[in-house]
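**Q** This structure is in structure tokens; I'll ask about it shortly.
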Amino acid sequence: MKVLSLKTENYRNLAAKEYTPGGGVNIVCGENGLGKTNLIESIWLFTGCRSFRSIRDKDVVRFGCDEAKLQMEFFSGSRNKEAEIRIDDKRHITLNGVALASGRKMMGEFTAVVFTPLHLSIVKEGPEERRKFLDIALSQLRPNYAKTILEYNKALAQRNATLRAARENPSMAAMLDIWDIELAKKGAVIIESRMNYLEQIKDKACAAYDEISSGKESLELKYKEYARESANGRKDIARSILRALQEKRESDTERCITSVGAHREDFSIDLSGKSARLFGSQGQQRSAALSLKLAEADIITQVTGEEPVVLLDDVFSELDPQRQKYVVSHFTNRQVFITCCDEENISRIADLDVTVERLEGQVN
Ligand SMILES: Nc1ncnc2c1ncn2[C@@H]1O[C@H](COP(=O)(O)OP(=O)(O)OP(=O)(O)O)[C@@H](O)[C@H]1O
Ligand SMILES: [Mg+2]
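Okay, so the sequence shown: first residue is 324 according to the working numbering, each after it adds one.
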């Protein structure tokens, strides 16, 4: 997978940018506020996933404009392809001139792994961020997974609405059976996929961490099961979620929330036996999040047979020179984009052939 060219029109501060990157390591440098993260974000949108920095599509439209447009030529599945994303209130995507029904249809066509300072939340914040990490990674591998997540969230919203209704009118409680079954069925698919994915990613992430830290600490990942005591396979998981939902029905009705299920699970990230969230240093937390991302890229290659594009925004802060060197030298076959403010920094640590793109101009 390689980006061959990118054109932006009224995309955030990138009013009209044409960019032809190299096939290996690309350094995007420039002062604060010139649009480095915006450039990374614009490439990421071609995965079909949403922006990692905005909830609303239209936030990426340049202030004062009605729409933004991105055009990208890329190499995928042994041929060149082109895609266009037009954004007004919503995203409109075409692939090789054919309009796609939704962003989901683009998933798997162009694959990338992105790491930005925001992704430190995988290690630093609560369970939601870790579930999001697993769900985005799985969606790129299996677009149907993204659909299952949507259906699960709809069923969850319906169960919560029914809980509110049942608190006022107990006869409504019978309606909960339908949503319990749906949440158990869809939740089992989600949980089984997440557990299998974590099992797959574990060894690769631990090996990456070992190299980044030169063996100073060890990384351990473990899926935490809240809804179940033990489970083997999807049917067992579904049965155990259903039982848990029924056991919690009374207290859930009082609080009008669904307290068990796929939307409550988590995995732990430990460094040498201690929680990385509670006890890790900034650099250690960054190394742990980065290891997960590098492992995510390895899994994409393993499953699809194609190297994903790697987008690393501001990855060097807080890493010592040895850790920085590992990051740059890690990529041999992949196209990588690394943003930084200080170009000198890169030349000091890289013996690789890099293509440099300097962003210039004025901050908006
Ligand atoms: N919708 C928008 N329209 C116009 N400008 C925008 C829009 N959204 C964000 N910007 C501007 O884009 C600029 C560049 O942002 P970006 O985060 O890409 O900078 P950066 O080069 O990554 O900076 P840093 O080195 O600080 O990370 C910011 O000044 C921001 O105000
Ligand atoms: Mg930035």
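Idealized CB from N, CA, C, for every residue including glycine.
Small disclaimer: the values here were computed from a predicted structure and weren't measured.
With Val626 and Leu464 assumed to form a contact (beta carbons below 8 Å), what rounded beta-carbon distance in angstroms separates them?
**A** With a Cβ gap of about 5 Å, Val626 and Leu464 count as contacting.
**Q** What's the gap between the Cα of Phe590 and the Cα of Ile501?
**A** Each residue's alpha carbon lies about 29 Å from the other.
**Q** Does ligand 1 have even one heavy atom less than 8 Å from the beta-carbon of Gly684?
**A** No; taking the cut-off as 8 Å, the Cβ of Gly684 has no heavy atom of ligand 1 nearer than that.
**Q** Find out if the Cβ-Cβ distance for the pair Ile366, Val326 is shorter than 9 Å.
**A** In this structure, Val326 lies closer than 9 Å to Ile366 by Cβ.
**Q** Assuming Phe654 and Val348 make a contact with CB atoms under 8 Å, what is their CB distance in whole Å?
**A** Phe654 to Val348, Cβ: 6 Å. Contact.
**Q** Once you ignore the five residues that flank Ala528 on each side, which residues in its own chain have a CB closer than 7 Å to its CB?
**A** Same-chain partners within the cutoff: Leu542, Leu544, Ser614, Leu615, Ala618.
**Q** For Thr360, count neighbouring C-beta atoms within 10 Å of its own C-beta (all shown protein chains included) and say buried if the count is 16 or more, exposed if not.
**A** It is buried - the Cβ of Thr360 has at least 16 other Cβ atoms within 10 Å.
**Q** Can you name the residues that DSSP bridges to Leu542?
**A** Looking at the DSSP assignment, Leu542 forms a beta bridge with Leu594.
**Q** Who are Glu396's beta bridge partners in DSSP?
**A** BP columns for Glu396 point to Ser328, Glu405.
**Q** Under 9 Å between the Cβ atoms of Arg490 and Glu577?
**A** A contact, by the Cβ cut-off of 9 Å.
**Q** Using 8 Å as the cut-off, classify the Cβ of Asp382 as near or not near the heavy atoms of ligand 2, replying yes or no.
**A** No; taking the cut-off as 8 Å, the Cβ of Asp382 has no heavy atom of ligand 2 nearer than that.
**Q** Under three-state DSSP, which class holds His653?
**A** Looking at His653 - three-state DSSP - the assignment turns out to be coil, as it is neither helix nor strand.
**Q** Restricting to runs no shorter than 3 residues, where is the beta strand (DSSP E) found entirely within the region 410 to 436?
**A** Counting whole runs of 3 or more residues, the region 410 to 436 contains the beta strand (DSSP E) stretches 414 to 418.
**Q** Check whether the Cβ of Thr417 sits closer than 8 Å to any heavy atom of ligand 2, and report yes or no.
**A** Thr417 Cβ: outside cutoff for every heavy atom of ligand 2.
**Q** According to DSSP, what are the bridge partners of Arg454?
**A** DSSP, once it has assigned bridges, lists no residue as partnering Arg454.
**Q** Restricting to Cα atoms, I'd like to know which of Leu521, Leu423, Leu479, Leu357 is closest to Ile504.
**A** The shortest Cα separation from Ile504 among Leu521, Leu423, Leu479, Leu357 belongs to Leu479.
**Q** Drop a sphere of 10 angstroms on the beta-carbon of Pro644, count the other beta-carbons inside from all chains shown, and report buried for 16 or more, exposed for fewer.
**A** Per the 10 Å Cβ criterion, exposed.
**Q** My understanding is that Ala435 touches Leu594, with C-beta atoms under 8 Å, so please give their C-beta distance in whole angstroms.
**A** At roughly 27 Å, the Cβ-Cβ gap does not stay under 8 Å, so Ala435 and Leu594 are not in contact.
**Q** Can you find the residues in the same chain that come closer than 6 Å, C-beta to C-beta, to Ala507, ignoring five residues on each side of it along the sequence?
**A** Cβ within range, chain order: Ala561, Ile564, Leu565.
**Q** Ordered along the chain, which non-local residues of its own chain (more than five positions away) have a Cβ less than 7 Å from that of Asn355?
**A** Closer than 7 Å at the Cβ level, and outside the excluded window around Asn355, lie Cys664.
**Q** Buried or exposed: Leu473, going by 16 or more other Cβ atoms within 10 Å of its Cβ?
**A** It counts as exposed.
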